[in-house]
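Reviewing the structure listed below.
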Amino acid sequence: MKIDENDPRLTAYAFGELPQKEAEAVRLAIKSKPELRKYVNELVALNDLLASGFGSNDSLKLHPDQRAAIHQAGKVPVADNITSMRQSAWKRPLTVILSAAAVLTACFVILNNALIHDDNMDLVDVQTIEDIPASDLVARVSENPSDWTENEQSKPAEVTSSQPSSEGEAMTVARGMELQPREFRDEIQKRATDRVRHSDGDENLEKPNEWRMVSNDPSTRVPLVSGNASWKWVTQALQAGLRPISQDVRVEELINHFSYDQPKDFIIGGIDAGAELLHSPWDEGKLIALVNLRNNSDEEPMVEVGLTFGHQINAYRLLGYNQTSAAKGVIAPTMIKMQSGYGQMVMYEVDPGMELEEGHKALLVHVNASGVEDADHRSFGVEYAKRDWRNASKDVRLALTMAAWAQCLKFNIPDDREVTLELLDSLKEDELDEETQKSLNVIRNSLQK
Numbered sequence: 001m002k003i004d005e006n007d008p009r010l011t012a013y014a015f016g017e018l019p020q021k022e023a024e025a026v027r028l029a030i031k032s033k034p035e036l037r038k039y040v041n042e043l044v045a046l047n048d049l050l051a052s053g054f055g056s057n058d059s060l061k062l063h064p065d066q067r068a069a070i071h072q073a074g075k076v077p078v079a080d081n082i083t084s085m086r087q088s089a090w091k092r093p094l095t096v097i098l099s100a101a102a103v104l105t106a107c108f109v110i111l112n113n114a115l116i117h118d119d120n121m122d123l124v125d126v127q128t129i130e131d132i133p134a135s136d137l138v139a140r141v142s143e144n145p146s147d148w149t150e151n152e153q154s155k156p157a158e159v160t161s162s163q164p165s166s167e168g169e170a171m172t173v174a175r176g177m178e179l180q181p182r183e184f185r186d187e188i189q190k191r192a193t194d195r196v197r198h199s200d201g202d203e204n205l206e207k208p209n210e211w212r213m214v215s216n217d218p219s220t221r222v223p224l225v226s227g228n229a230s231w232k233w234v235t236q237a238l239q240a241g242l243r244p245i246s247q248d249v250r251v252e253e254l255i256n257h258f259s260y261d262q263p264k265d266f267i268i269g270g271i272d273a274g275a276e277l278l279h280s281p282w283d284e285g286k287l288i289a290l291v292n293l294r295n296n297s298d299e300e301p302m303v304e305v306g307l308t309f310g311h312q313i314n315a316y317r318l319l320g321y322n323q324t325s326a327a328k329g330v331i332a333p334t335m336i337k338m339q340s341g342y343g344q345m346v347m348y349e350v351d352p353g354m355e356l357e358e359g360h361k362a363l364l365v366h367v368n369a370s371g372v373e374d375a376d377h378r379s380f381g382v383e384y385a386k387r388d389w390r391n392a393s394k395d396v397r398l399a400l401t402m403a404a405w406a407q408c409l410k411f412n413i414p415d416d417r418e419v420t421l422e423l424l425d426s427l428k429e430d431e432l433d434e435e436t437q438k439s440l441n442v443i444r445n446s447l448q449k
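Residue numbers for the sequence shown follow the UniProt record's numbering, beginning at 1 and rising by one.
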């Protein structure tokens with residue numbers, strides 16, 4: 001079977017409108033064509049999101065005459081090709097001609113309006129998006145736009161600037177983050193400069209992210225991609241007996257220097273997803289919320305994650321992802337292709353503002369996985385319990401160790417040094433692989449100087 005992106009059968013296949021035999025023929029025809037599989041996944045992803053957003057799959061199904069119009073048109077359908085369309089279904093045929101950027105925009109809108117009402121939560125109609133410029137995630141790493149998405153031909157490049165030289169290059173980088181986050185992370189590590197930069201004092205220290213009030217912004221997006229240069233920069237400075245410059249210490253990168261299997265609450269679209277809420281090791285009055293996603297399957301869905309904080313929570317702030325450039329320009333993707341073997345741990349510092357009751361649902365985690373057979377959208381609650389970080393799993397304590405150390409280096413907070421040492425001590429009895437042990441020894445040595 002010959003089939004291309006403009007073939008109406010591809011659209012019908014994506015929307016589940018083909019008879020079984022035809023659907024199987026299309027499936028076999030696109031099996032060896034990744035560009036067509038990607039196209040189908042984008043259609044399925046947006047269709048699923050639209051369905052969940054409008055609250056009814058039936059209202060979005062094509063009628064037989066509409067399907068006939070698509071086939072008769074013999075081209076990419078537009079609104080004029082579809083007759084007698086109900087107002088609630090007008091968006092559906094237009095999904096065929098949406099660009100990847102438009103797909104992401106629609107995903108933002110749908111997740112914003114697909115939140116699940118909970119007795120302990122206020123129903124949120126509009127979420128804010130954590131706008132993280134793409135250039136911020138590749139700071140001090142130069143980009144060759146041609147090889148971020150065509151990774152096979154890429155070679156490490158010398159650092160020449162801290163930002164992409166044009167919006168087009170930034171868009172290419174953002175596209176690489178979106179569809180190849182694993183290779184993107186590897187490339188960042190390869191491209192990191194060997195030049196050592198060190199701090200001469202506290203005058204250029206970056207500050208932690210601002211607190212966001214739950215009363216104003218109860219919901220936020222979870223960033224699912226980060227670079228991988230900080231470990232190299234930090235260890236080079238430490239080996240030279242110097243304290244690394246604040247801008248070279250990216251908290252999110254150091255947290256994700258390791259991969260984590262915990263927390264894990266359920267599997268969606270082949271993705272292990274979980275969250276945990278516990279008391280902060282470095283501030284007794286605060287909590288830490290951890291969100292972890294990892295793909296241990298062969299499925300590679302498009303994934304997006306959001307958080308909604310309960311009304312008893314006062315404020316929250318993201319650890320890491322400090323913005324170093326203007327918010328204008330290309331925004332890093334918040335929906336990514338979760339590649340096999342890829343994972344991301346994200347942390348938030350939480351200010352309860354009051355004494356929380358045991359069992360209070362402090363936050364809801366929204367996970368949307370699409371483009372695979374078991375695509376789904378789920379929201380699950382995380383209840384408050386007086387959980388001490390010392391009782392957390394090995395993975396959680398390891399992630400907290402990296403976060404505390406990163407903040408100690410980045411913000412030069414003396415108390416974080418003692419906290420990091422205590423966290424390191426908590427891992428002494430755990431079974432850790434050799435590479436992890438070596439990394440923890442580097443951290444311990446850096447704190448004893």
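In this text, a Cβ means the ideal position worked out from N, Cα and C, and glycines have one as well.
| Item | Value |
| --- | --- |
| Where do the ends of the beta strand (DSSP E) carrying residue 491 lie? | Shown here, the chain extends from 1 to 449; a query on residue 491 therefore has no answer. |
| At 3 residues or longer, what runs of the beta strand (DSSP E) sit wholly inside the segment 342-425? | 343-351, 361-370 and 376-383 |
| Pick from Phe411, Arg397, Ala174 and Leu409: whose alpha carbon is nearest that of serine 428? | The sequence as given places lysine at residue 428; serine does not occur at that position. Measuring from the Cα of lysine 428, the nearest candidate turns out to be Arg397. |
| Quick one: what's got a C-beta closer than 8 Å to valine 442's C-beta in the same chain, skipping five residues either side? | Thr235 and Leu238 |
| So, does the segment 282-290 touch the segment 175-185, judging by three or more C-beta pairs under 8 Å? | no |
| So, with DSSP's three-state summary, where would you put leucine 36? | helix |
| Could you pull out every residue in the same chain whose Cβ sits closer than 7 Å to the Cβ of lysine 410, ignoring the five residues on either side in sequence? | Glu206, Ser246, Val249 and Val251 |
| Cα separation between glutamate 17 and aspartate 376? | 19 Å |
| Report the rounded CA-to-CA distance for aspartate 430 versus lysine 394, giving the unit in angstroms. | 7 Å |
| Per DSSP, which one or two residues make a beta bridge with phenylalanine 15? | DSSP output for phenylalanine 15 lists no bridge partner at all. |
| Would you please state the rounded distance, in angstroms, between the beta carbons of glycine 274 and lysine 264? I believe it to be under 8 Å. | 4 Å |
| On the three-state DSSP scale, how would you describe valine 222? | coil |
| Going by alpha carbons, who is nearest to lysine 386 out of Leu224, Leu356 and His311? | Leu356 |
| Alpha carbon to alpha carbon, what distance is there between asparagine 216 and alanine 12? | 42 Å |
| Three or more C-beta pairs closer than 8 Å, one from the segment 293-304 and one from the segment 398-408: is that the case here? | no |
| Between valine 225 and isoleucine 271, is the Cβ-Cβ spacing less than 8 Å? | no |
| Measuring CB to CB, does methionine 345 end up less than 8 Å from isoleucine 255? | yes |
| State buried or exposed for glycine 227, treating a residue as buried only when at least 16 other CB atoms are found within 10 Å of its CB. | buried |
| Could you round the C-beta distance between valine 350 and isoleucine 288 to whole angstroms and report it? I think they count as a contact, below 8 Å. | 7 Å |
| Could you tell me the alpha carbon to alpha carbon distance between serine 370 and proline 301, rounded to whole angstroms? | 5 Å |
| What are the boundary residues of the beta strand (DSSP E) that includes valine 303? | 302-309 |
| Looking only at its own chain, which residues have a Cβ that is under 8 Å from the Cβ of threonine 436, when we skip the five neighbours before and after it? | Phe258 and Leu398 |
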